[in-house]
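The block underneath contains the structure these notes are about, expressed in structure tokens.
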Amino acid sequence: MTEIIVVTSGKGGVGKTTTSASVACGLARRGKKVAVIDFDIGLRNLDLVMGCERRVVYDFVNVIQGDCTLKQALIKDKRIESLYILAASQTRDKEALTSEGVHRVLKELEADGFDYIICDSPAGIEKGAHLAMYFADRAIVVVNPEVSSVRDSDRILGLLASKTLRAEQGNGGVKEHLLLTRYSPRRVAAGEMMSVADVKEILGIDVLGVIPESPDVLSASNAGTPVILNQESIVAKAYEDAVSRLLGEEIPLRYIEEPKKSFFARVFGG
Amino acid sequence: MDRLLAFFRRSSGNSASVAKERLRIIVSQERTARGGPDYLPVLRSELLEVIRKYVNVDPEAVHINLQREDGHDVLELSVSLPGGARS
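One line per chain: the protein sequences are A and B, in this order. Read left to right, the first sequence gives residues 188 to 457 (our numbering). Read left to right, the second sequence gives residues 1164 to 1250 (our numbering).
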């Protein structure tokens, strides 16, 4: 059984591609066969975050238009055995991505025995975002604890509940998961940032994970290594936890509270 | 004195609770509009126009809420009138 997971958010710059790359790596490292697809037609970026930008020969649109086979376009990850990347096209023609074409590629991946297909959605609610979510079984909604991101993700929840194949067929709809990124426990404690509980209450969906704000995310994308592979980073641990929950494990949230300062640190500052 | 209080309130800085409250309102309003019929936003602005013939109310004073209760929809309308509206 292949499961299709869309990583979406509405708002741009909240961490969809970072999340797609890390979740795909995390699943593949646990032995699952995973394909991660960049749906951001015209603005290819997943390849950079995955560190395979120089190996892109064919892209998603080439496969849809029959310029090459799916096998030729899938880029095999050099670090993890069962991980494949399908790059976005850089064409300016947004119409190049068709519903039939996307469906055909997904079906072919399913026939090839992929366990998971991760669809990295573009920002916004246009065609690319629509097609990234349309065939999904589950959705990871990436949210920053900030007003515009929360509002936009609620729009996305509305679309997931109405403009997807599962919603149209009425068989339970798309399962929605909340992933909170750029979380700062210190600012939450100071009352400057909404907490996990606040965002969860407003959006009313289950929390898949909380990723702390960290410079490690930028370093990882600079290097083209998905942040989940940086084992020293708490961001990697938080993503690993999210992947475990995606696979059905029940584990408590970590890194959502400010580390307790020692007595001396409190007295003398630090 | 008020200014002093405001100063302390600001320095204690709970902007997160302001954000949460604003989102709670706008999200529930947008969900109502989304789940319900397309005419709701128009209905809201036309009602506002009618009410304004008699009382000068703020656009934000009109709340429309559509709730689904087993089998039928309930359209709830509430208008908060400004303080001196009765005179």
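Note that the Cβ used here is the ideal one computed from N, Cα and C, for glycine as well.
The alpha-carbon of Val-1237(B) is positioned some 11 Å away from that of Thr-1195(B). Taken in chain order, the whole beta strand (DSSP E) runs of length 3 or more contained in the stretch 243-320 of chain A are 270-273, 303-307. Between Arg-1207(B) and Ile-1189(B), the C-beta spacing is not below 7 Å. Excluding the 5 residues flanking it on each side, Pro-413(A) has same chain C-beta neighbours closer than 6 Å at Ala-208, Ser-209, Cys-212, in chain order.
For Asn-1177(B), the C-beta contacts it makes with chain A under 7 Å involve Gly-378, in order along the chain.
By DSSP's assignment, Ala-326(A) forms a beta bridge with Val-193(A), Glu-363(A). Tyr-321(A) counts as buried, since at least 16 other C-beta atoms from the protein chains shown sit within 10 angstroms of its C-beta.
The straight-line gap separating the alpha-carbon atoms of Glu-444(A) and His-1235(B) is approximately 44 Å. Proximity of Leu-1211(B) to chain A, defined by a Cβ-Cβ separation below 7 Å, is not satisfied.
In chain order, Arg-338, Asp-341, Arg-342, Gly-345 make up the part of chain A whose C-beta sits under 9 Å from the C-beta of Glu-1193(B). Per DSSP, the unbroken beta strand (DSSP E) holding Glu-1239(B) starts and ends at 1235-1242. Residues of chain B whose Cβ lies closer than 7 Å to the Cβ of Val-334(A) are, in chain order, Ala-1182, Arg-1185, Leu-1186. Asn-232(A) counts as buried, since at least 16 other C-beta atoms from the protein chains shown sit within 10 angstroms of its C-beta. The stretch 360-368 of chain A makes contact with the stretch 384-396 of chain A: 3 or more CB pairs, one atom from each, lie closer than 8 Å.
Ranked by how close their Cα comes to the Cα of Asp-246(A), the residues Ser-276(A), Val-337(A), Phe-226(A) have Ser-276(A) in first place.
Taking a contact to require three or more Cβ pairs closer than 8 Å, the stretch 215-226 of chain A and the stretch 326-335 of chain A do not qualify as touching.
Here Pro-309(A) is buried. Its C-beta has 16 or more other C-beta atoms within 10 Å.
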